[in-house]
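The structure appears right after this line, and notes come after that.
2 protein chains.
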Amino acid sequence: MAIENEKSKRTELSELGEFDLIDRLTEGLTPLNHSTIKGVGDDAAVMQYDNHSLILLANDILIEGVHFDLTYTPLKHLGYKAGVVNFSDIYAMNGAPKQLVIGLGVSNRFSVEALDEFYEGLRLACHHYGVDLVGGDISSSKTGMFISISVVGEVSKDEVVYRNGAQLDNLICVSGDLGAAYMGLLLLEREKRVYLANPNMQPDLEGNDYVLERQLKPEARKDIIRLLHEACIQPTAMIDISDGLASEILHICKQSNKGCVIYEDKIPIDPATLLLCDEFKIIPAIAALHGGEDYELLFTIPLSEYEKIEKVENISLIGHITDSSEGCQLITNDGKQIPLQAQGWNHLRK
Amino acid sequence: MAIENEKSKRTELSELGEFDLIDRLTEGLTPLNHSTIKGVGDDAAVMQYDNHSLILLANDILIEGVHFDLTYTPLKHLGYKAGVVNFSDIYAMNGAPKQLVIGLGVSNRFSVEALDEFYEGLRLACHHYGVDLVGGDISSSKTGMFISISVVGEVSKDEVVYRNGAQLDNLICVSGDLGAAYMGLLLLEREKRVYLANPNMQPDLEGNDYVLERQLKPEARKDIIRLLHEACIQPTAMIDISDGLASEILHICKQSNKGCVIYEDKIPIDPATLLLCDEFKIIPAIAALHGGEDYELLFTIPLSEYEKIEKVENISLIGHITDSSEGCQLITNDGKQIPLQAQGWNHLRK
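Just so you know, the protein sequences line up as chains A and B, in that order. Here this note's numbering is used: the first residue of the first sequence is 78, the next is one more, and so on. Here this note's numbering is used: the first residue of the second sequence is 78, the next is one more, and so on.
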């Protein structure tokens with residue numbers, strides 16, 4: 078008997094990181110079923126069971142102590158967020174989420190009423206986004222809380238958008254604003270430290286509603302998908318921003334075999350985020366590029382759609398697609414050119 | 078700030094148990110989408126995206142220390158089992174599993190090579206059952222390993238089998254044999270205690286290959302679905318046996334609003350299981366009724382199919398469906414009648 082079956086060589090998970098690890102573990106997979114259109118490597122898997130529409134399948138996990146801290150996360154918000162982060166993956170394929178199943182591990186320190194609250198939030202998210210909670214599995218866990226949600230969505234065959242469709246000279250667009258969720262996290266972590274040091278201190282969260290809501294109760298951009306549809310704009314590539322702008326644009330460029338230029342001064346950042354960045358001595362672009370959890374949509378469109386996209390609310394043009402030989406570059410506010418690197422939220426790195 | 082948002086009353090999870098908890102948390106859910114045919118309450122959710130076939134969606138979680146013990150579970154076997162237990166849910170709807178996504182939480186004590194082994198087993202199961210691994214999410218966890226798998230399957234509209242279709246006088250059938258996986262678990266737990274007490278002792282697992290394989294590397298009954306199809310037998314109700322025969326037949330009877338009679342002497346038990354039951358001083362029927370993890374199929378068929386089912390290999394007739402007023406009864410070997418109760422594997426009970 079051995080604790081773990083190990084071969085002689087031991088490679089630490091931290092040496093690879095999440096994306097390289099997934100590449101390694103899923104290398105050489107070839108579809109066995111006609112209904113499998115696209116497997117690992119996009120926001121959602123794509124299946125075809127009839128001639129008209131495609132079925133999308135996405136899965137995201139949230140682990141206590143890694144993705145959330147119950148010290149400052151109300152369970153109702155957590156349930157809402159657990160749904161939303163999965164719906165966001167389906168919107169990132171230009172689809173609509175339809176059904177959800179949840180796998181939940183909870184320790185006995187949770188009461189039934191605590192789970193009621195979590196489900197209240199999850200059901201609210203489902204109701205808000207028109208998704209049916211159709212099943213799942215609940216078990217005790219020996220330690221923390223573990224949430225795994227799979228969402229099924231639908232998209233018509235000629236409207237599905239992958240990560241790999243970006244073309245030379247395409248415009249790079251992003252919805253909403255970036256970096257706020259990360260600043261919300263830093264704020265909550267700071268106030269937690271203050272509270273732990275002196276439980277009589279009240280947390281100072283005044284005036285920071287926006288960044289807190291972005292962290293604790295994010296929304297998926299269903300509205301942007303609708304606006305793009307109404308404006309007759311179909312992105313050539315799309316991804317949702319869960320790990321930070323830099324990581325996501327690198328995914329699009331790598332899978333499209335292209336390069337890009339992003340302009341720091343074009344990255345949309347809310348005034349509330351800027352104020353907190355100032356307080357925390359963080360360069361706002363860093364929060365936007367590497368903070369993650371914004372759940373905004375990052376997408377590319379043909380240059381010919383410029384006039385149309387200008388009229389769509391809540392969209393910023395932040396750069397353009399270049400040849401792969403030019404790499405992925407950030408043009409800073411002072412005109413310097415810096416290669417973009419993924420330093421996002423990679424749980425498996427040290 | 079509070080560790081958990083609790084209302085004044087606190088109900089322990091152990092007071093409810095898994096099934097009552099799920100009933101409570103999913104009470105009053107009504108479908109928002111036309112594509113949602115059946116939500117919570119069967120082996121898989123059922124969706125319809127075209128006119129010909131139905132899409133099935135099932136989710137099962139496996140948690141270290143609750144569902145498996147890495148002291149004696151090789152990771153390759155665990156990967157295989159993690160796939161199989163989900164495929165079993167799809168077969169229990171008379172469908173075929175097609176795509177799989179996995180959510181995985183692992184601590185840093187796992188090496189990349191350890192995950193390679195887990196995926197080797199999972200990919201072997203996928204290959205064996207013709208399922209495509211199409212995506213997932215991997216994250217570090219602070220403590221143990223957590224596996225959540227969702228499987229999409231397909232079944233034609235006129236062939237789907239629910240739990241709620243059992244009719245008066247239907248025959249109750251079960252595939253294969255029961256109780257072996259539970260005896261395998263008891264054996265592994267005993268040898269683990271011996272090993273922990275004296276690490277120089279070699280585990281005594283000789284001659285118990287069958288029960289060990291049933292516990293560590295179970296199979297889903299794809300073959301039974303095929304045999305029933307070839308024999309032109311369509312079950313009226315079906316479920317897979319993950320929690321023990323008693324719990325599963327109670328699910329069928331409750332959802333079909335019927336009662337049942339099960340005969341102890343008809344329950345199929347392998348000679349290897351009987352030998353170990355004798356050694357462990359366990360009544361074999363108890364292992365079969367409450368042990369669980371057999372992943373056999375339990376189903377009901379019309380009495381008129383008796384001659385057909387007699388010719389199908391690997392099927393035992395163990396009882397029949399009665400009026401709900403008669404309850405669910407076990408006729409013991411000595412002719413006593415005992416009400417069946419679910420004492421299966423309920424992780425949330427103390």
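Beta carbons: idealized from backbone N, C-alpha and C, even for Gly.
Chain A contact for residue i (CB, 7 Å cutoff)
i	result
Pro295(B)	no
Leu102(B)	yes
Tyr126(B)	yes
Asp214(B)	yes
Pro345(B)	no
Gly160(B)	no
Val211(B)	yes
Gly116(B)	yes
Ala122(B)	yes
Tyr168(B)	no
Asn110(B)	yes
Gly189(B)	It should be pointed out that residue 189(B) corresponds to Val in this sequence rather than to Gly. Val189(B) counts as touching chain A.
Thr220(B)	yes
Ser182(B)	The identity of residue 182(B) in the sequence shown is Gly, whereas the question assumes Ser. It does; some Cβ of chain A falls within 7 Å.
Cβ of residue i within 7 Å of any chain B Cβ
i	result
Gly207(A)	yes
Gln176(A)	yes
Arg87(A)	yes
Glu95(A)	yes
Asn163(A)	no
Asn185(A)	yes
Tyr372(A)	no
Leu90(A)	yes
Which of helix, strand or coil DSSP assigns to residue i
i	result
Asn391(B)	coil
Cys405(A)	strand
Gly284(B)	coil
Pro348(A)	helix
Pro361(B)	helix
Cys309(A)	coil
Tyr383(B)	helix
Gly212(A)	strand
Asp300(A)	helix
Ile140(B)	strand
Tyr149(A)	coil
Ala323(A)	helix
Phe223(A)	strand
Gly261(B)	helix
Ile99(A)	helix
Contact set for residue i: own chain, Cβ-Cβ below 8 Å, skip 5 residues either direction
i	result
Asn275(B)	none
Asn185(B)	Ser217
Glu341(B)	Ala362, Leu407, Ile408, Thr409, Asn410
Lys219(B)	Ser184
Alpha-carbon spacing of residue i relative to residue j, whole angstroms
i	j	result
Tyr157(B)	Arg200(B)	7 Å
Asn410(B)	Gly396(B)	13 Å
Leu210(B)	Val143(B)	25 Å
Val229(A)	Gln176(A)	5 Å
Tyr239(B)	Ile301(B)	17 Å
Asp97(B)	Ala297(B)	27 Å
Gln125(A)	Met124(B)	14 Å
Asn391(A)	Lys269(A)	33 Å
Glu231(B)	Tyr168(B)	10 Å
Val389(A)	Ala135(A)	28 Å
Gly182(B)	Ile215(B)	6 Å
Lys299(B)	Val178(A)	23 Å
Glu170(B)	Asp371(B)	Looking at the sequence provided, one finds Met at residue 170(B) rather than Glu. If you take the alpha carbons of Met170(B) and Asp371(B), they lie about 17 Å apart.
Leu139(A)	Phe187(B)	19 Å
Glu141(B)	Pro361(B)	27 Å
Gly118(A)	Leu304(A)	26 Å
Spatial neighbours of residue i in its chain, beta-carbon cut-off 7 Å, leaving aside the 5 residues before and after
i	result
Glu81(B)	Because Glu81(B) sits at a pLDDT of 46, beneath the cut-off of 50, its placement in the model cannot be relied upon, and the point is left open.
Ala121(A)	Leu133, Leu134, Ala135, Asp166, Ile167, Met170, Gly230
Close beta carbons around residue i, own chain, < 6 Å, minus the five adjacent residues each side
i	result
Ala79(A)	At Ala79(A) the pLDDT is 43, less than 50, meaning the model places this residue with poor confidence and gives no usable figure here.
Gln420(A)	His367
Thr313(A)	Gly242, Ala243, Gln244, Asn247, Thr377
Tyr259(B)	Ala364, Gly368
According to a CB-to-CB cut-off of less than 9 Å, which residues of the region 133–150 of chain A neighbour chain B? Under the 9 Å Cβ criterion, the region 133–150 of chain A contributes Leu134, Ala135, Asn136, Asp137, Ile138, Leu139, Ile140, Glu141, Gly142, Val143, His144, Leu147, Thr148, Tyr149.
Listed in chain order, which residues of the region 231–265 of chain B have Cβ atoms closer than 7 Å to some Cβ of chain A? Near chain A, meaning a CB-to-CB distance below 7 Å, the residues of the region 231–265 of chain B are Glu231.
Residues of the region 395–420 of chain B with Cβ closer than 7 Å to any Cβ of chain A, in chain order: Going along the region 395–420 of chain B in chain order, one finds no residue with a Cβ nearer than 7 Å to chain A.
So if I threshold CB-CB distances at 8 Å, which residues from the region 293–326 of chain A count as touching chain B? Residues passing the 8 Å Cβ filter: none.
Using a Cβ-Cβ cut-off of less than 8 Å, give me the residues of the region 270–291 of chain B that come near chain A, in sequence order. Of all residues in the region 270–291 of chain B, Tyr272, Pro280 have a Cβ within less than 8 Å of some Cβ in chain A.
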